[in-house]
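Enquirer:
Number of protein chains: 2
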Amino acid sequence: MPQVTQMLRRAVQLNGRGLATECAGRKRTWAEVRDRCARLAGGLAGLGFQPGDRIAILALNSDRYLEYYFACAWGGFLFVPINTRLAPPEIAHWLTDSGATGLFIDEAFLPALPAFRDKTGLRHIIFCGDAATPDGMQGHDALVQAGPAIDDAGARGDTVAGLFYTGGTTGRSKGVMLSHGNLLANAVNGMTMLSFNTNSVILHAAPMFHIADATVTLFGTIAGATHVFMARFDPAAYLAMVPRHRITGGLCVPTMINMLVNHPDVATTDLSSFREMVFGASPMPEAVLRRALQAFPNTRFTQAYGQTEAAPVMTLMPPEMLALEGPKVGRLRAAGIATPACDVQILDAEDREVPRGTVGEICGRGPNIMLGYWNQPELSAHTLRNGWLHTGDGGWMDEDGLVYVVDRVKDMIISGGENVYSAEVEEALYAHPAVAECAVIGVPDATWGERVHAIVRLKAGMAATEQALMDHCRTLIAGFKCPRSLALREEPLPLSGAGKILKSELRAPFWVGVTRQVN
Amino acid sequence: MPQVTQMLRRAVQLNGRGLATECAGRKRTWAEVRDRCARLAGGLAGLGFQPGDRIAILALNSDRYLEYYFACAWGGFLFVPINTRLAPPEIAHWLTDSGATGLFIDEAFLPALPAFRDKTGLRHIIFCGDAATPDGMQGHDALVQAGPAIDDAGARGDTVAGLFYTGGTTGRSKGVMLSHGNLLANAVNGMTMLSFNTNSVILHAAPMFHIADATVTLFGTIAGATHVFMARFDPAAYLAMVPRHRITGGLCVPTMINMLVNHPDVATTDLSSFREMVFGASPMPEAVLRRALQAFPNTRFTQAYGQTEAAPVMTLMPPEMLALEGPKVGRLRAAGIATPACDVQILDAEDREVPRGTVGEICGRGPNIMLGYWNQPELSAHTLRNGWLHTGDGGWMDEDGLVYVVDRVKDMIISGGENVYSAEVEEALYAHPAVAECAVIGVPDATWGERVHAIVRLKAGMAATEQALMDHCRTLIAGFKCPRSLALREEPLPLSGAGKILKSELRAPFWVGVTRQVN
């Protein structure tokens, strides 16, 4: 029966004396990390935590974040990673909804603590920062030192390993219950198409609370690789760390890759050690991917598609299928093929498979699919109806099994009765050399129902008029898909904690007092 | 819930119009093979077979053998592949033990049919050869044509998919129950370290009844690759087929590889298309591996270790860990590291993990481990005690997690109280340039209990005396391990259906009237 801790044991088996984690000058071997996790689990048990208890974390990236994941799995406690961009009332909601009685926190979030602590059932706060442990809290390292190391509690199989909340920044938040079996299945399944091993050095730059980076935490561990951490993503710091640590791989969301390739240091940085970049969590504009392939000369870029509910990987793009030119160049926009263990199909509203090339809902089934949403049996049953996870994403499949994500159902624009996929319009805008970043949304329109509206930030020192950008789109996509209005802005677009552009926030001012219809 | 047929559906999803099978001039696409399997399942259902019924097969390799596997899985029938080297009483035993009511057979085995048919409960014989269907039998292709295609019966998860018998040629035969979940887990797990894809062309030369080649049947299908078949292994024919079909990969047992690299045609054959050779099922002498690496210039040789009870893969040798020279050259003898989904440990008699470097029993647990032995609950419970599959193989693990198989417990020789691993002595003999093949066994000895005895066949045109060969061993291994007697023979060593040297047969004449103690 699969266990999350099995990944940690495998790292020790393959690379016990090898470097497991490097963070802020601290270096530890896999044997040390395994021992620390067993002791941290013992320390938590000593505080009274029982298997099944929920222990949350609100922290920036660090080696202690990795230890938190594995110590919880070791002790049978459920991990509940919290989005670092939440406001205190949202944090309080996640903590109370999950029933968390413990919280790991670092100095970045101490100021917010008084605003939510009393609204929760927290009994113990564990400080996992670098400063001195505040009064009234336990220290992460002190718990490790106190221990004692306990035996693995044996949580496994269909037992919930953790709750990953989605929708925290917009809409109703839901705690996705991922089991030990889900997370191990995802790790093994992902390894069929990625190549992390004991020689890999992985940089954690995307936030560790998010399932995308959590997955890389697990991939890197089951492979016995080395993990290097940066507290939060910053393009200049990222570019400095790659040559310093001879980083070989990691995960970025497209927004981060866009910032890296547009950063002035990219041209002078030695990125030759970098072999494998996994990207996902939101669509990658083709123009950005092409720039990235130039900037990272030795790097295989592997697109992953999935969602938290799938633990999360559903498709991966095999490098041998990618074509940068020629008749199959359209594959640059594909999200990949179904991973071997996950059955992915495009279904219609009655859950029948649609013909290849037809847009439907991307659905999946397999050992990686979540148990359900925490305390939401009706929503769980609806999302998992007929044995399929319904992603809410529109997509189609070509004759080679490649899946093309057209849009989140909620981001699709219905204008004059035509479906417009915002990602496709954004692709066209990103193909313009002056565009640094953009978002395309539907806004209310008396004539068309919704109107295609674009928000664009230009690159520093570049110029383009609104009309020129709209005209540019007409050269690439059909007229009904082109923006009918376009706004230039100077400030960066708002991002979620995971680095996705927050379209809900961009849409909000247009929809005051108007209800938007979403499928 | 995992299904064997999921692999077939994935092949159609990725490569529906691509070549699935090529055999004796017949070529079929994956869409055609899927359709044929659904129709063959329908034809079998029309004969009265019900889900859960056992349908055996006794045939040489062909495209129809692959269809048999997937049609059985599709209809929910259990496949029971039969060793092609069995004598009629042994065949009768397997058929009655499994309770098979159907049998696929080809012309190679028709002559033996009268000798066992009446001793079994067979109700239908399906002829899967190329000749006209004999009277009283169903034709494989006729069943496909009659159909109709039926819906997948939905057998999945922990439901038994098939019975793979082991020990048929020696000792008591046991039907290993492998579930749909076991076989899919093995396929996904194996793909983490192999690289079959839709561009692969796989040659089936090892017998398809054996779990080793059955695994490649499943690996190649979940990857959407092309399968090419030769009825039975022959080194000259094999070498001719590689360039003709641009074969990219396949599985051979070491005996087969030894025959290939010793064949005169190997020097003049274009083997450049061959990328990935998986080998396993018995130890690979290092000298043979070195010759093979020279003979196949573009080929990655990946050693797989496991057993039928593990569906079957437990360890694989990652190519980046292999070293042909230098301080890590000893890794050439390693069987690889634990595959990600299978927890492999070396345990002592009390199932405690032994220190690295200490010989113990190789044990495994994970989603690939068998449900048990068919109708043998006590043996199942013993073999799977404490949650571990006990392989009966002796081995040790190094600091990098590499597993070294020292010997089958039953092949280990205890001489004067010292354990001698026959594989190690054979390694030494194979290092002699005149040795074509050899086997080392324990024979009764009044002084030592067992004596190390070697049986050697020399290469054509080469000469070496018994004494010279024994002296050669002394230069490589400790005196107590060296053969104390050695017999040269001219005829090839006896092989099992899977191509393993039959040591039991070589031992038998020495042990008449004497009982051999085996751990």
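Chains as they are written, first to last, in our numbering: chain A, 1081 to 1599; chain B, 1081 to 1599.
We put the beta carbon where it would ideally sit given N, CA and C, even for glycine.
1. Which runs of the beta strand (DSSP E) spanning at least 3 residues fall entirely within the region 1489 to 1558 of chain B, listed in chain order?
2. Out of Thr-1085/B, Leu-1566/B, Arg-1413/B, which one is the CA nearest neighbour of Thr-1395/B?
3. Can you tell me whether Asn-1599/B is buried or exposed, with buried defined as 16 or more other CB within 10 angstroms of its CB?
4. Could you have a look at Thr-1278/A and say whether DSSP puts it in helix, strand or coil?
5. Can you give me the Cβ contacts of Asp-1314/A inside the same chain, cut-off strictly under 8 Å, excluding the 5 residues immediately before and after it?
6. Could you check the C-alpha separation between Tyr-1501/A and Gly-1522/A for me, to the nearest Å?
7. Counting only Cβ-Cβ distances shorter than 8 Å, please list the residues of the region 1457 to 1489 of chain B near chain A, keeping chain order.
8. Strictly under 8 Å for the Cβ-Cβ distance: is Leu-1618/B near chain A by that measure?
9. Chain A beta carbons: is any one of them nearer than 8 Å to that of Thr-1085/B?
10. Put Leu-1351/B into one of helix, strand or coil per three-state DSSP.
11. For Gly-1248/A, does the count of other Cβ atoms within 10 angstroms reach 16, so buried, or fall short, so exposed?
12. I want to see whether chain A comes within less than 8 Å of Met-1217/B, judged by CB atoms only; does it?
13. Please list, in chain order, the chain A residues whose beta carbon lies closer than 8 Å to that of Asn-1277/B.
14. Specify whether the region 1459 to 1469 of chain B and the region 1276 to 1292 of chain B touch according to this definition: at least 3 beta carbon pairs, one from each stretch, less than 8 Å apart.
15. Would Gly-1242/A and Leu-1258/A qualify as a contact pair, given that the criterion is a beta-carbon distance under 8 Å?
16. Excluding five sequence neighbours on each side, which residues of the same chain lie with their C-beta closer than 8 Å to the C-beta of Lys-1107/B?
17. Please name the residue, chosen from Val-1434/A, Ala-1111/A, Phe-1376/A, Tyr-1148/A, that lies closest to Pro-1161/A on a Cα-to-Cα basis.
18. Do Phe-1359/A and Val-1333/A have their C-beta atoms closer together than 8 Å?
19. Taking its Cβ as the centre, do 16 or more other Cβ atoms sit within 10 Å of Ala-1125/B, making it buried, or is it exposed?
20. To the nearest angstrom, how far is it from the Cα of Ser-1565/B to the Cα of Val-1489/B?
21. So which residues on chain B does Ile-1302/A lean against when the C-beta distance must stay under 7 Å?
22. Would a C-beta distance cut-off of 8 Å place Leu-1120/B and Ala-1151/B closer than the cut-off?
23. Could you list which residues in chain A have their beta carbon closer than 8 Å to that of Thr-1272/B, in chain order?
24. Excluding the 5 residues preceding and the 5 following Gly-1300/B in the sequence, name in chain order all residues of the same chain whose CB lies nearer than 7 Å to its CB.
25. If you reduce the DSSP assignment to three classes, tell me which class Val-1592/A lands in.
26. From which residue to which residue does the alpha helix (DSSP H) around Cys-1332/B run?
27. Determine the burial state of Thr-1181/B: buried for a count of at least 16 other Cβ atoms within 10 Å of its Cβ, exposed for fewer.
28. Can you give the beta carbon distance from His-1260/B to Ala-1294/B, rounded, assuming they're within the 8 Å contact cut?
29. Hey, would you say Ala-1604/A sits closer than 8 Å to Lys-1539/A, going by beta carbons?
30. Could you spell out the range, first to last residue, of the beta strand (DSSP E) harbouring Arg-1587/A?
31. Just the chain A side, please: which residues come within less than 7 Å of Gln-1093/B by C-beta, in chain order?
32. Using DSSP with H/G/I as helix, E/B as strand and the rest coil, what is Gln-1086/B?
33. Using 10 angstroms around the beta-carbon of Thr-1349/A, count the other beta-carbons present and answer buried if the total reaches 16, otherwise exposed.
34. Is there a Cβ of chain E sitting closer than 8 Å to that of Gly-1096/B, yes or no?
35. Pick out whichever of Asp-1551/A, Pro-1407/A, Ser-1178/A, Thr-1419/A has its Cα sitting closest to the Cα of Gln-1456/A.
Expert: Judging by the given coordinates:
1. 1493 to 1495, 1498 to 1500, 1515 to 1525, 1529 to 1538
2. Arg-1413/B
3. Confidence is the limiting factor: at Asn-1599/B the pLDDT is only 42, short of 50, which leaves the residue's position unreliable, though a coordinate-based value still follows. Exposed: under 16 other Cβ atoms inside 10 Å.
4. coil
5. none
6. 10 Å
7. Met-1477, Glu-1479, Asp-1480, Gly-1481
8. Past the edges of chain B, shown from 1081 to 1599, lies residue 1618/B, and the structure says nothing about it.
9. no
10. coil
11. Note that Gly-1248/A scores a pLDDT of 45, beneath 50, so its modelled location is shaky; the value from the coordinates is reported in the next line. It is buried - the Cβ of Gly-1248/A has at least 16 other Cβ atoms within 10 Å.
12. no
13. Pro-1398, Glu-1400
14. no
15. yes
16. Leu-1099, Thr-1101
17. Tyr-1148/A
18. yes
19. buried
20. 22 Å
21. Pro-1420
22. yes
23. Val-1268, Met-1271, Thr-1272
24. Phe-1276, Ser-1280, Ile-1282, His-1307
25. coil
26. That residue, Cys-1332/B, is in no alpha helix (DSSP H); its beta strand (DSSP E) goes 1329 to 1332.
27. buried
28. Not a contact, Cβ separation roughly 14 Å.
29. In this structure chain A extends from 1081 to 1599, so residue 1604/A is not present and cannot be described.
30. Premise fails: Arg-1587/A lies in the alpha helix (DSSP H), 1583 to 1587, not in any beta strand (DSSP E).
31. Ala-1418, Gly-1481
32. helix
33. buried
34. Among the chains of the structure shown, chain E does not appear; the protein chains present are A and B.
35. Ser-1178/A
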